[in-house]
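One structure below.
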């Protein structure tokens with residue numbers, strides 16, 4: 132069975148550029164989460180969706196960040212414009228039901244120069 | 002708000018040693034508790050969970066007991082292996098909210 136698929140795995144870009152990260156959740160899972168991992172701040176929840184509807188976006192750092200889930204099989208996290216402090220590993224995870232049983236993708240490592 | 006506190010790492014052990022990684026939490030109500038493991042270059046994987054007080058979660062030789070009186074969920078393993086080297090995250094999910102609150106992670110290094 133395919134797990135959560137994220138792309139790109141690695142992205143290096145320059146400050147000011149737009150970055151789009153993509154996620155395909157596991158089929159049948161109705162919740163999707165975006166997390167950011169850094170050495171300084173650990174794992175932070177950015178946003179999560181339930182049945183394609185954003186439920187909690189209180190973790191989105193600022194207006195430069197936006198996330199969409201146009202259908203049950205696809206989500207994007209966009210950063211525009213990007214800044215060096217956005218450098219991190221961004222994880223997408225999905226969940227079938229109930230609290231806490233998250234299935235993580237392998238992450239997208241973003242480096243903003 | 003919710004929070005999870007884990008012991009600082011790295012924890013360095015010899016193969017076959019006993020492992021304990023401490024985890025305490027603050028939450029309203031009755032959260033579910035989890036341990037996740039992250040191997041180098043990979044995403045997190047669920048290791049075990051407990052959904053109510055006094056429940057014991059177990060998997061791959063790891064165990065953790067949900068202690069409501071001490072708000073703790075310490076991870077233990079009787080005999081670690083080199084392949085257990087990874088970062089371990091304690092997490093909670095409170096009722097009605099599917100997103101997890103994670104601790105800072107504890108790196109375990111097992112030496113042969």
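Chains as they are written, first to last, in the working numbering: chain A, 132 to 244; chain B, 2 to 113. Quick reminder that beta carbons are idealized off the backbone N, C-alpha and C, glycines included.
- The stretch 199–219 of chain A makes contact with the stretch 161–173 of chain A, as at least three CB pairs between them are under 8 Å.
- When 8 Å is used as the limit between beta carbons, residue 237 of chain A is near these residues of chain B: 42, 43 and 44, in chain order.
- A distance below 7 Å between beta-carbons, with the five flanking residues on each side excluded, links residue 159 of chain A to the following residues of its chain, in chain order: 227.
- Looking at the DSSP output, residue 74 of chain B shares a beta bridge with no other residue.
- For residue 149 of chain A, the closest Cβ of chain B is not nearer than 8 Å.
- Below the 9 Å Cβ cutoff, chain A contributes 173 and 174 as neighbours of residue 90 of chain B, in chain order.
- Leaving aside the five residues that flank residue 54 of chain B on each side, the residues in its chain whose CB is nearer than 6 Å to its CB run, in chain order, 67 and 69.
- If the five residues before and after residue 110 of chain B are omitted, its C-beta is found closer than 6 Å to the C-beta atoms of 11, 13 and 86, all from its own chain and listed in chain order.
- For residue 74 of chain B against residue 26 of chain B, the beta-carbon gap comes to about 7 Å, under 8 Å, which counts as contact.
- Taking 8 Å as the CB threshold, residue 47 of chain B lines the interface with chain A.
- Within chain B, no C-beta atom comes less than 9 Å from the C-beta of residue 221 of chain A; the nearest is roughly 11 Å away.
- Beyond the five residues adjoining it in sequence on each side, residue 106 of chain B comes within less than 6 Å, by CB distance, of 88 and 90 in the same chain, given in chain order.
- Under the Cβ criterion of 8 Å, residue 187 of chain A is counted among the residues facing chain B.
- Within its own chain, the residues whose Cβ lies closer than 8 Å to the Cβ of residue 144 of chain A, once the five positions on either side in sequence are excluded, are 150, 213, 241, 242, 243 and 244, listed in chain order.
- Looking at A/218, A/238 and A/231, the one whose alpha-carbon comes closest to that of residue 148 of chain A is A/218.
- Secondary structure of residue 135 of chain A (DSSP, three-state): coil.
- In the DSSP annotation of this structure, residue 19 of chain B is not part of any beta strand (DSSP E), being labelled neither H nor E.
- C-alpha of residue 199 of chain A to C-alpha of residue 189 of chain A: approximately 15 Å in a straight line.
- Within chain A, the C-beta atoms nearer than 8 Å to that of residue 50 of chain B come from 231 and 232, in chain order.
- If you draw a straight line from the Cα of residue 6 of chain B to the Cα of residue 29 of chain B, it comes to about 15 Å.
- If you check the CB distance, residue 101 of chain B and residue 24 of chain B do not come in under 8 Å.
- One thing to note: residue 231 of chain A has its Cβ no nearer than 8 Å to the Cβ of residue 223 of chain A.
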